[in-house]
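Be aware that the sequence shown starts at 1115, since it is given in this note's numbering, and climbs by one per residue. By construction, the Cβ of each residue, glycine as well, lies at the ideal position given by its N, Cα and C atoms. Since the structure is predicted, the reported quantities are computational estimates derived from the model, not experimental observations.
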Amino acid sequence: MQSHARRTRRDTTPAERALWRLLRDDALGLRFRRQHPVPPYIADFACLPARLVVEIDGWTHTDPAADAARDVAPAVKGWRVLRFTNTDVLENASGVAEAIRQALVMRLAGTPPP
């Protein structure tokens, strides 16, 4: 799993690169990791202290039911998963960053997700 995570960190999409510029260096107040294993999957981005996963869904994510099913395993382990499309990130990066910031605040305050 770790070698796959390393490979995906190296082969990032334009949307992942754009979002990483907004998340890196604790820009939202907490550290995020790229392509971090959250078994049984590898999360695009993960904030360990807040147990928050951020997924960027590209053209391969055409089945919302499959994505919802995929989110169950991390949720059972206490993780919250936020999903954004490539288009969301590339066309509204500041809005995506704000949604992530709000989720971080809620997670740290112990507020359940909407």
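When C-alpha distances from T1127 are compared across G1143, P1151, D1171 and A1160, the shortest belongs to D1171. Residues V1203, L1204 and A1207 of the same chain have their beta carbon placed closer than 7 Å to that of A1132, with the five preceding and five following residues left out of the count.
The DSSP assignment places 1155-1161, 1166-1171 and 1194-1199 as complete runs of the beta strand (DSSP E) inside the region 1150-1206, in order along the chain (cut-off: 3 residues). Assignment of R1221 by DSSP, reduced to helix, strand and coil, places it in the helix class.
The C-beta separation of G1192 from R1165 comes to about 5 Å, placing the pair in contact by the 8 Å criterion. Taking 8 Å as the upper bound for CB-CB distance, H1150 and A1141 are not in contact here, some 17 Å apart.
Cα atoms of C1161 and R1145: separation of roughly 6 Å, rounded to the nearest angstrom.
Between the beta-carbon of Y1155 and that of R1197 there is about 13 Å, and that puts the pair past the 8 Å contact cut. Secondary-structure assignment with DSSP links R1148 through a beta bridge to F1159.
Secondary structure at A1211: helix, using DSSP grouped into helix, strand and coil.
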